[in-house]
Structure formats: C-alpha cells, structure tokens
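Report on the structure given below.
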Amino acid sequence: MIKVEGLTKRYARTVAVDDISFEVEKGQIVGFLGPNGAGKTTTMRVLTCFLPPTAGTAQVAGFDVLEQPLEVKKRIGYLPETPPLYPDMEVGEYLTFVGKLKGLATSDVPKRVNDVCDRCAITDVKSKLIGKLSKGYRQRVGLAQAILHNPDVLILDEPTSGLDPKQIIETRELIRSLAGDHTIILSTHILSEVEHSCERVVIINQGKLVAQDTVINLTNRLRGSEQVALEIQASNGNLNHAEVRQRLEQVAGVGRVVLKDTKDNHCAFEVESLQGRSIRAELARAVVTAGWDLNELRPVGFSLEDIFLQLTAAEKANKPEEVGKPEKVEKTTEAGV
Amino acid sequence: MRNVMVIFKKELKSYFASPIAYLLLAIFAVIFGFFFYSAVRFFILQGMQMQMMGRGAPMDVNEYVIRPLLTNASVIGLFLIPMITMRLYAEEKRSGTIELLMTSPVRDLEIVLGKWLAALVMYASILAVSGINIAVLYAFGRPDLKPILVGFLGLLLQGGCLLAIGTFISTLTKNQIIAGGATFAVCLMLWVLDWVSAYDQSAWAKIVSYLSVVTHFEPFSKGVVDTKDIIFYLSMIFFGLFLTTRSMESLRWRA
Numbered sequence: 001m002i003k004v005e006g007l008t009k010r011y012a013r014t015v016a017v018d019d020i021s022f023e024v025e026k027g028q029i030v031g032f033l034g035p036n037g038a039g040k041t042t043t044m045r046v047l048t049c050f051l052p053p054t055a056g057t058a059q060v061a062g063f064d065v066l067e068q069p070l071e072v073k074k075r076i077g078y079l080p081e082t083p084p085l086y087p088d089m090e091v092g093e094y095l096t097f098v099g100k101l102k103g104l105a106t107s108d109v110p111k112r113v114n115d116v117c118d119r120c121a122i123t124d125v126k127s128k129l130i131g132k133l134s135k136g137y138r139q140r141v142g143l144a145q146a147i148l149h150n151p152d153v154l155i156l157d158e159p160t161s162g163l164d165p166k167q168i169i170e171t172r173e174l175i176r177s178l179a180g181d182h183t184i185i186l187s188t189h190i191l192s193e194v195e196h197s198c199e200r201v202v203i204i205n206q207g208k209l210v211a212q213d214t215v216i217n218l219t220n221r222l223r224g225s226e227q228v229a230l231e232i233q234a235s236n237g238n239l240n241h242a243e244v245r246q247r248l249e250q251v252a253g254v255g256r257v258v259l260k261d262t263k264d265n266h267c268a269f270e271v272e273s274l275q276g277r278s279i280r281a282e283l284a285r286a287v288v289t290a291g292w293d294l295n296e297l298r299p300v301g302f303s304l305e306d307i308f309l310q311l312t313a314a315e316k317a318n319k320p321e322e323v324g325k326p327e328k329v330e331k332t333t334e335a336g337v
Numbered sequence: 338m339r340n341v342m343v344i345f346k347k348e349l350k351s352y353f354a355s356p357i358a359y360l361l362l363a364i365f366a367v368i369f370g371f372f373f374y375s376a377v378r379f380f381i382l383q384g385m386q387m388q389m390m391g392r393g394a395p396m397d398v399n400e401y402v403i404r405p406l407l408t409n410a411s412v413i414g415l416f417l418i419p420m421i422t423m424r425l426y427a428e429e430k431r432s433g434t435i436e437l438l439m440t441s442p443v444r445d446l447e448i449v450l451g452k453w454l455a456a457l458v459m460y461a462s463i464l465a466v467s468g469i470n471i472a473v474l475y476a477f478g479r480p481d482l483k484p485i486l487v488g489f490l491g492l493l494l495q496g497g498c499l500l501a502i503g504t505f506i507s508t509l510t511k512n513q514i515i516a517g518g519a520t521f522a523v524c525l526m527l528w529v530l531d532w533v534s535a536y537d538q539s540a541w542a543k544i545v546s547y548l549s550v551v552t553h554f555e556p557f558s559k560g561v562v563d564t565k566d567i568i569f570y571l572s573m574i575f576f577g578l579f580l581t582t583r584s585m586e587s588l589r590w591r592a
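Protein sequences appear in the order of chains V and B.
Those letters in the first sequence? Residues 1 to 337, by this note's numbering.
Those letters in the second sequence? Residues 338 to 592, by this note's numbering.
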C-alpha cells in the first residue's frame, strides 16, 4: 500500500530524512518511532504530498507522490501534529467543509459527518465553535477530519498527544478499530503507544532508519537473556535474604541476582539468566525444595524502551568503525559540501 | 469548479463570521458617507452661486458628484484591500490549516481562485454600501445610470487587481501584519506611479505611469470603457494570481 524507497529530504542546512526505505502492507498499523526531531513528521509530510522529496520515491496505493499527487491525496487522511482547525467555524460546519474539500459527493456529506461524529464521540459538540473546544476535543475533531472521506491510508502524526489517559485509551481503541479497512501509519515518541496499537514498528533516529520489524520480532531479536522477578516468603519465622540469594545463585544458568526489596519475612529478587538459558522452572524448584514459599515468579520482558535505547546506542557505537569504509567517507564529504 | 466554490464559500463565510467584514463595511460607510456629504454640499453651494449669477444652466450630477465620489471610493479601497487580503494565506500558514488545504485533492490554482473570488466579493459588498448614498441622489435628481455602472466596473477591476497582488503577498509570510503592511506599500506605490508623468515625458516615465492603477481608472470614472484599460486590469489580475499559484507551489519546496 505504501512504498518508500531511498527517501531523502534535505532542508537548507540539515538532512531531515536520509535514505529511508520501507513498505507497508494493506490493512496494517505501523508505528513510526523516534525521538523528537528524528524525521517522522517530515516523512509523513512527504507521504501526504505536502513536501516533495529531495531524492528517492514514495508511493501510496501505487501512485507516486510527485507524479500523481491528486490521486494520492484522494486516498489519504492526514492528521498533522497540530490539528488543522479553523477556530471560528463550528465543528459540523468544519467537517462539512472538509468533506466537500476531500471530494465527497454533496449528498453523502451529512451522513458521513454524522458517522464520524459518532465514531469520534464529538456529536455533543457538533454545533460548538472549534475555538471554544478543549484540547482533547480538538484532537478528536482532527481525527474525525482525517477519516471523514474513508481513505485507504491514514497518516496520524502523534494522534494521542495532549489527551488525558482515558481519551488516550479511547483513541487507541478507535485507531485499532480502523485497522483492516485502512492502512495506518502513526508516529509517536511514546514507546508504549506502539506496543499497544501497532503491528509493525519503523524506528528512525536522526533521519536514518534504525530498524523495522514486527513488535514481537523486535523484542525477541533483542532478548538474549531472560529476566525473572521473584518474590519469596518464609511461612515460619524470618527469612535471611543472603541465604536465599546464595541458593538462587547456585541454580544452573543464573547469571546475576539482584535484591530488589526485603521485609521481615519476604524478599524480592530480580534474576537474569545467562545468554540463551531458560531458568524459570529451575528457579521455582530450587525455592520450593528449600522450604520457602514462592509468591511470585514473573518474566520481565524487554520493553520497547530497552530496544529503542539499545538500537540507538548501537547506532552510535557503530559509527567510528564505519567511517573507515570508503563509501561512508564519500557520503560524509558530500553532506559537508 | 466545485472545489473553487467550496473554498470560496468557506472564505466568504469566515469574513462574515469574524468582525473583519463588519469593521470594513463600517469604515467604508463612514468615510464614504463623509465624502458623499461633502460632495453634495459643495454641489448645492455651487448650484446656488450659479443661479445667483444668473447662469441657470443645469449642472451635471454625474460630473460633479458621482465622478469625484468614485475616485474617492477607489482611494478608500486602497486602504481596505490590505485588510481584506492579509489573512488569506498568512492565517492558514500560522495556524497550520494550510496543511489541510495542501494535502486535500484540490489543485493549487483552485485554492487561489476560491480565495481571490471570496476577497473580490467581500470588496464588492463593501462597494455596495455606497449604493445607499447613490440611491439618495436618485430621490432628488436624475443621474445617468450607465456611467455609474461603468464606474463600479472600474472599481471592481482595480480592486481585483490589487486583491490579486495582496493575495500573493499573503502567501509570503506567516505574519498578517507584515502581509497587510507590505500589501499597503505596494498598493500605494502602484497608486502614485503616475505622478512621474507630471515632470517627465520620457519613454521610461510613460512605462512607469502606465503601470499605475490610477491611470487606468480615470476613463472608467468618466463612464468610458476602454478595452486597453480592461486588458491592463485583467492582465494584472492574471499576473497576481499566477504569482500566488507559483508561490503556493514553492511553499512546498521552501517549507
């Protein structure tokens, strides 16, 4: 559905997006992840035909953004970082305007407007001036505007920014309910957001593609060792945590044991396995045979946070090596000119 | 064409949804009203003097009241036009709504035409206020209608060309004040260019004074429709709108 190849966008002095390639299949939700200023918004603006790429191509539904922008625009719903709202228009009036602008038949507009108002839960403010709405409502009107003409592709730039926790959950649910019929790209710098709503992640940092994969693959790929949280209790009398620690360290495959918390008769540990070893069963057995109660045994997965930090750190660490390669040197000088 | 109308209606509505339209209408009504009052009083005074001197020849209302009024109306227009056009793009650029327009399946030219037409209709409705005053003349006299209509055609053409330039200038900045100020400067310049013809008769001076919007309005105020003036105004409008479209395109490259 979306195909980006070698996309580069250079502003006067800076390279915002540097040679990014990725593809998105129909019906997928893809998270665009990166710190602020990584080039997420620029990439989205290229996809929506707002900005032309400096080099490379971008295709939406088989149409090139430079060659056939009108065809691309017909198939795209776009929610920019700040929702594009006219403060002196009423919500219903605004959506009607957008509907016509997006090319909906005049007779279909009222029905579509009602539909999206229901869907985005803004029916109660339909006759209010946009300028008088709260940030959360504005964001939802922005989202309603994006899905109004039922586009094949939805591009959402930080759709949940500025919403309260309840609204964030509602928005995520809304986005997930749109998947299937729509291909969705959403950008965010909040990692849990991607974990919650996306099937695939594209991670970019400083304009470069760092990784792209499914969320599960990414977590698996980076999980070399297993981390387990344990809570142990002694049913009779006090518990000596040094003794427990010693016992845990004796279990085969255990790498590191960290004491997290201790109270008179129970204590909590975090145990990390050696590379590629599974230790949960052994740990449980060891605790039980020692006569303690096992209150909790929980695998601590790598969060996207860890992955992200690891990837961006790896990027930095790799750099000095790569400078030695002739190809890279050429590129740097080119950028310098 | 449908897209042009969609943009046009939205823009026109937003003039009348904000105080701008009413402010402009009020300014024009007051200032034009004053001019009208002065012109009529002067006309009456002169008429009485003529009669006292025994020359009772009927004086021409078109010549002595309406013609100076039309010229005055075009001067007021000069001040109001920057206020009409300054928000057209500057506001959209500042609030980010330009992103909505430019990512919708609409051609740049359609956006430009819609906005310019809305500005033109806004300007026309301001001019229409003067119809009240002109109607008063009909209550007491019999001015010739055709020169009045021609005069208003001239005002619209001149306004259209300054509005096109103002629209272009509005695409250049995010700041409405800057857009308004620069438009005013350019309008004023186009206004006074014909002064060179007063002290210079060289070919250059002729070209410069040809560019003045005033030179081309004079025949209209006399009730004369000359194709060369119409062509001047139409080509200026075309030029302004062309620049606007180009500037919109370049927004994408510059942004």
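Where a beta carbon is used, it is the ideal one built from N, C-alpha and C, also for glycine.
Here the structure is a predicted model, which is why all the values come from computation and not from measurement.
Just checking: is the beta-carbon of residue i within a distance shorter than 9 angstroms of some beta-carbon in chain V?
| i | result |
| --- | --- |
| leucine 437 of chain B | yes |
| isoleucine 485 of chain B | no |
| arginine 589 of chain B | yes |
| alanine 354 of chain B | yes |
| lysine 350 of chain B | yes |
| lysine 559 of chain B | no |
| isoleucine 344 of chain B | yes |
| serine 432 of chain B | yes |
| phenylalanine 575 of chain B | no |
| lysine 511 of chain B | no |
| lysine 565 of chain B | no |
| alanine 452 of chain B | The residue asked about is misnamed: residue 452 of chain B is lysine in this sequence, not alanine. Cβ-Cβ to chain V under 9 angstroms: no for lysine 452 of chain B. |
| lysine 543 of chain B | no |
Round the Cβ separation of residue i and residue j to the nearest angstrom and send it over; I've been treating them as touching at under 8 angstroms.
| i | j | result |
| --- | --- | --- |
| phenylalanine 521 of chain B | serine 584 of chain B | Phenylalanine 521 of chain B to serine 584 of chain B, Cβ: 19 angstroms. No contact. |
| lysine 102 of chain V | histidine 149 of chain V | 4 angstroms |
| leucine 95 of chain V | valine 116 of chain V | 7 angstroms |
| valine 91 of chain V | glycine 99 of chain V | No, valine 91 of chain V and glycine 99 of chain V are not in contact; Cβ-Cβ is about 13 angstroms, not under 8 angstroms. |
| arginine 172 of chain V | histidine 196 of chain V | 6 angstroms |
Under a CB-based cut-off of 9 angstroms, is residue i close to chain B?
| i | result |
| --- | --- |
| glutamate 199 of chain V | no |
| glutamine 145 of chain V | yes |
| lysine 74 of chain V | yes |
| methionine 89 of chain V | yes |
| glutamate 327 of chain V | At glutamate 327 of chain V the pLDDT is 39, less than 50, meaning the model places this residue with poor confidence; the figure from the coordinates comes in the next sentence. For glutamate 327 of chain V, the answer is no, since every Cβ of chain B falls outside 9 angstroms of its Cβ. |
| tyrosine 298 of chain V | Rather than tyrosine, the amino acid found at residue 298 of chain V in this sequence is arginine. Chain B, which has no Cβ nearer than 9 angstroms to the Cβ of arginine 298 of chain V, makes this no. |
| lysine 128 of chain V | no |
| cysteine 117 of chain V | no |
| valine 141 of chain V | no |
| arginine 45 of chain V | yes |
| proline 84 of chain V | yes |
| leucine 154 of chain V | no |
| tyrosine 78 of chain V | yes |
Count the other C-beta atoms from every protein chain shown that fall within 10 angstroms of the C-beta of residue i, then say buried if there are 16 or more, exposed otherwise.
| i | result |
| --- | --- |
| phenylalanine 353 of chain B | exposed |
| glutamine 28 of chain V | buried |
| threonine 42 of chain V | buried |
| glycine 324 of chain V | Here the model assigns glycine 324 of chain V a pLDDT of 38, short of 50, so the residue's position is not dependable, and the following value carries that caveat. Glycine 324 of chain V comes out exposed. |
| lysine 353 of chain V | The structure shown does not extend to residue 353 of chain V, since chain V is modelled only from 1 to 337, so the question has no answer here. |
| serine 278 of chain V | exposed |
| glutamate 296 of chain V | exposed |
| glycine 180 of chain V | exposed |
| threonine 564 of chain B | exposed |
| tyrosine 86 of chain V | buried |
| asparagine 340 of chain B | buried |
| phenylalanine 575 of chain B | exposed |
Tell me the DSSP bridge mates of residue i?
| i | result |
| --- | --- |
| phenylalanine 63 of chain V | V/Val60 |
| cysteine 267 of chain V | V/Ile232 and V/Thr262 |
| alanine 179 of chain V | V/His182 |
| leucine 294 of chain V | V/Ile232 |
| phenylalanine 22 of chain V | V/Val4 |
| glutamate 90 of chain V | V/Leu129 |
| phenylalanine 32 of chain V | V/Ser187 and V/Val202 |
Find the residues of chain D that neighbour residue i, judging by a C-beta separation of less than 9 angstroms, and give them in chain order.
| i | result |
| --- | --- |
| glycine 103 of chain V | This model lacks chain D altogether, as its protein chains are V and B. |
| Using 8 angstroms as the threshold, is the region 432-440 of chain B in touch with the region 457-473 of chain B, meaning 3 or more CB pairs across them? | They do not touch, by the three-pair rule.
| Are at least three pairs of beta-carbons, each pair with one atom in the region 154-165 of chain V and one in the region 72-80 of chain V, less than 8 angstroms apart? | The region 154-165 of chain V makes contact with the region 72-80 of chain V; the number of CB pairs closer than 8 angstroms reaches 3 or more.
| Do the region 460-468 of chain B and the region 362-376 of chain B touch if we need at least three Cβ pairs shorter than 8 angstroms? | Because the criterion of three Cβ pairs below 8 angstroms is met, the region 460-468 of chain B and the region 362-376 of chain B touch.
| said: Quick check: the region 436-451 of chain B against the region 56-66 of chain V, are at least 3 beta-carbon pairs closer than 8 angstroms? | reply: The region 56-66 of chain V is not in contact with the region 436-451 of chain B.
| Are the region 439-448 of chain B and the region 527-535 of chain B touching, with three or more C-beta to C-beta distances below 8 angstroms? | Short answer: they don't touch.
| request: Assess, as a yes-or-no matter, whether the region 180-194 of chain V is touched by the region 10-19 of chain V under the definition of 3 or more beta carbon pairs within less than 8 angstroms. | output: Proximity of the region 10-19 of chain V to the region 180-194 of chain V falls short of the contact definition, fewer than three beta-carbon pairs being nearer than 8 angstroms.
| Quick one: any contact between the region 453-464 of chain B and the region 349-366 of chain B, if contact means 3 or more CB pairs under 8 angstroms? | Taking a contact to require three or more Cβ pairs closer than 8 angstroms, the region 453-464 of chain B and the region 349-366 of chain B qualify as touching.
| Taking one C-beta from the region 541-560 of chain B and one from the region 486-501 of chain B each time, how about it: are there three or more such pairs within less than 8 angstroms? | Output reads yes: the region 486-501 of chain B touches the region 541-560 of chain B.
| request: Could you tell me whether the region 395-403 of chain B touches the region 51-60 of chain V, using the rule of 3 or more Cβ pairs below 8 angstroms? | output: In short, these stretches do not touch, since the Cβ pair count stays below three.
| request: For the region 408-422 of chain B and the region 501-519 of chain B, state whether three or more C-beta atom pairs, one from each stretch, are separated by less than 8 angstroms. | output: Yes: at least three Cβ pairs fall under 8 angstroms.
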